[in-house]
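Chains as they are written, first to last, in our numbering: chain R, 22 to 131; chain D, 1120 to 1590.
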């Protein structure tokens, strides 16, 4: 009986892992192959477990997160137009160009 | 061949573009270090004799944009990208009279410790071609180590990508204070961690190039306006009276090769002979269990947002967009263009920023980073410098790396992630050999104390007098 329960737990965990990997991949606009899914679901949860070691550090809830290493102020440039790329330079790296526009996929279904 | 110092001061050495070009091709054939070598035609046209750097050859890491040259950041998704502008660091180096010789191979977007995650070629270590050159600025370090000309490389570090390859190939690498060098034109890995810095054969070489590339830039809002004066002009081989803190959590880390540890203590003894003193200190946040997760959570979260811009429109890898929905098209391009480590980091970065997990991972890591910065600042009230080995070991064999899992690989960054998280300047200086392979010493300074770090490195470099020619 115990074995069966453990097996069920295990297969539920595998199912959860698979669903989570698929949902994060979807959010990230990545299409994973079956072998990539298998590899990542094993690796990523081990890596996340190693990240959980941070819970052992006692950090005051008042501590400010450090988004940057220095508390420097962002210096915005003057709001003046400056050198710009030419149209040729802008399109130079694009393959899908039509009538002076970048061409992308359809924005809505027909 | 003359040193960089002789080359720019004595101005006696003439570099033949033909011979230089042949030599660069030879380096590429031997070590896979270049993504692209500048054409002979371009090399012949460069006239720099009347400028400060006298035509000094410089190589540029593939993630740093050079106008009209391939700038792929080691990724298939940017395979044919040629930027129409120079990064600020490149523009400044060109204006000072350097000669651009080529783009150097690297891990895709900087995602790696061994340059084995490059979409194009894996650089080989000039000390042993079966071994890694380190990552992610592997190509930059190989060129610096093996080239027979005066030369400085522009590299980039996010969590150790200058120190690691510098240590593995026996060259000097300077990672500057965050914000001292403009990131404009750097293909981002993680914005709050990325720093462009030089690799050279000597401390003078990196000090010189830092003077050229540092300084405020209105095109990068995070650059700082701080004035430092001339680092190479003020270089003094003096450590008399300096106090050095040896980071206990790093030197006692169980993964340190005992012979790397011996070289470390030998360096500290030499610094003591030169008049410095040292003391063992504790910085608990730098323990591997904490610093590695904090670094990887922050860097992956930022990387996953940075890589969201690669969508197969305007530049980079493109497919045929006809009859496809937005999502289908993006998925097709991104799934083909990104390598395995980039996908792994996108998945992990997206996960740790996800609603419900953000506090547990991302915000927690940022708070740990705050704690690490405070620990450094506290220590710098008492010490002028902090020290550790640059890497826990010598360069591993490429065949051994292939057997490692991601957690083992990430753990190799234990020495380097601390100063990178805190944005502290640090120098990796060659400090000896283990079985014929170079090792490195990390000297870390407080924010903007590059001069302090360079002077100590300069003094020790002279005292050690190592032969760092891999041939």
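Backbone N, C-alpha and C define an ideal beta-carbon position, used for all residues, glycine too.
Cα-Cα separation, residue 1578/D to residue 1326/D = 14 Å
Alpha helix (DSSP H) segment containing residue 1387/D, residue limits = 1377-1392
Expected contact under 8 Å - CB spacing of residue 1222/D and residue 1160/D to nearest Å | Between residue 1160/D and residue 1222/D the Cβ distance is about 17 Å, and since that is not below 8 Å, they are no contact.
With a cut-off of 7 Å, does the C-beta of residue 64/R fall near any C-beta of chain D?
-> yes
Interface partners of residue 48/R on chain D, CB under 7 Å = 1469
Name the chain R residues that come within less than 9 Å of residue 1540/D, Cβ to Cβ?
-> 87, 90
DSSP state of residue 1272/D mapped onto helix, strand, coil = strand
Nearest neighbour of residue 105/R, chosen from 1475/D, 1338/D, 1430/D, 1447/D [CA to CA] = 1338/D
Write down the C-beta distance between residue 1280/D and residue 1307/D rounded to the nearest angstrom, noting that I regard them as a contact closer than 8 Å.
-> The Cβ separation is near 13 Å, so there is no contact.
Looking at the structure shown, is residue 25/R part of a helix, part of a strand, or coil, going by DSSP?
-> At residue 25/R the pLDDT is 49, less than 50, meaning the model places this residue with poor confidence; the figure from the coordinates comes in the next sentence. Residue 25/R falls in the helix class under three-state DSSP.
Would you call residue 1292/D buried or exposed, if buried means 16 or more other Cβ atoms sit within 10 Å of its Cβ?
-> buried
At a Cβ threshold of 7 Å, is residue 93/R touching chain D?
-> yes
Boundaries (first-last residue) of the beta strand (DSSP E) holding residue 1319/D = 1314-1319
Closest Cβ-Cβ distance between residue 1343/D and chain R: below 7 Å?
-> yes
Mind pulling the chain R residues with CB within less than 8 Å of residue 1340/D?
-> 95, 96, 97, 98
For a contact meaning CB atoms closer than 8 Å, what does residue 1074/D contact in chain R?
-> As shown, chain D starts at 1120 and ends at 1590. That puts residue 1074/D outside it, with no answer to give.
Between the Cα of residue 1314/D and those of 1331/D, 1324/D, 1295/D, 1304/D, spot the shortest distance and give me the residue it belongs to.
-> 1295/D
At least 3 beta-carbon pairs within less than 8 Å: the segment 1144-1151 of chain D vs the segment 1204-1212 of chain D | no
Interface flag, residue 118/R vs chain D, CB-CB below 7 Å | no
Output, in sequence order along the chain, the residues in the segment 1447-1468 of chain D whose CB is closer than 8 Å to any CB in chain R.
-> 1447, 1448, 1449, 1450, 1451, 1453, 1454, 1457, 1459, 1462, 1463, 1465, 1466, 1467
With a threshold of 16 other CB atoms inside 10 Å of the CB of residue 1584/D, please say whether the residue is buried or exposed.
-> exposed
Determine the chain D residues that contact residue 121/R at a beta-carbon separation under 9 Å, and present them in chain order.
-> Neighbours of residue 121/R on chain D: none; closest Cβ ~13 Å, over 9 Å.
Between which two residues does the beta strand (DSSP E) harbouring residue 1549/D extend?
-> 1545-1553
Return the bridge partner residues of residue 1559/D from the DSSP annotation.
-> 1549/D
Could you run through the segment 1292-1311 of chain D and flag, in chain order, every residue whose CB is less than 7 Å away from some CB of chain R?
-> 1297, 1298, 1311
Anything in the segment 1478-1510 of chain D with a Cβ closer than 7 Å to a Cβ of chain R? List those residues in chain order, please.
-> 1480, 1482, 1483, 1484, 1485, 1486, 1487, 1488, 1489, 1490, 1492
Give me whichever residues DSSP pairs with residue 1247/D in a beta bridge.
-> 1244/D
Three-state secondary structure (DSSP) of residue 1497/D | helix
Those residues which DSSP pairs with residue 1508/D across a bridge = 1560/D
Closer than 7 Å by beta-carbon distance: list the chain R residues that pair up with residue 1413/D, in chain order.
-> 75
Report the residue ranges of all beta strand (DSSP E) runs contained in full by the segment 1152-1239 of chain D; include only those spanning at least 3 residues, in chain order.
-> 1153-1156, 1175-1180, 1217-1223
For residue 127/R: DSSP bridge partner residues | 1444/D
Could you tell me which chain R residues have their CB closer than 9 Å to the CB of residue 1201/D, listed as they occur along the chain?
-> 113, 114
What separation, rounded to the nearest whole angstrom, lies between the Cα atoms of residue 132/R and residue 1434/D?
-> The structure shown does not extend to residue 132/R, since chain R spans only 22 to 131, so no value can be given for it.
Can you tell me the Cα-Cα spacing of residue 1270/D and residue 1144/D, whole angstroms?
-> 16 Å
Residue ranges of each beta strand (DSSP E) run of no fewer than 3 residues wholly in the segment 1316-1380 of chain D, ordered along the chain?
-> 1362-1366
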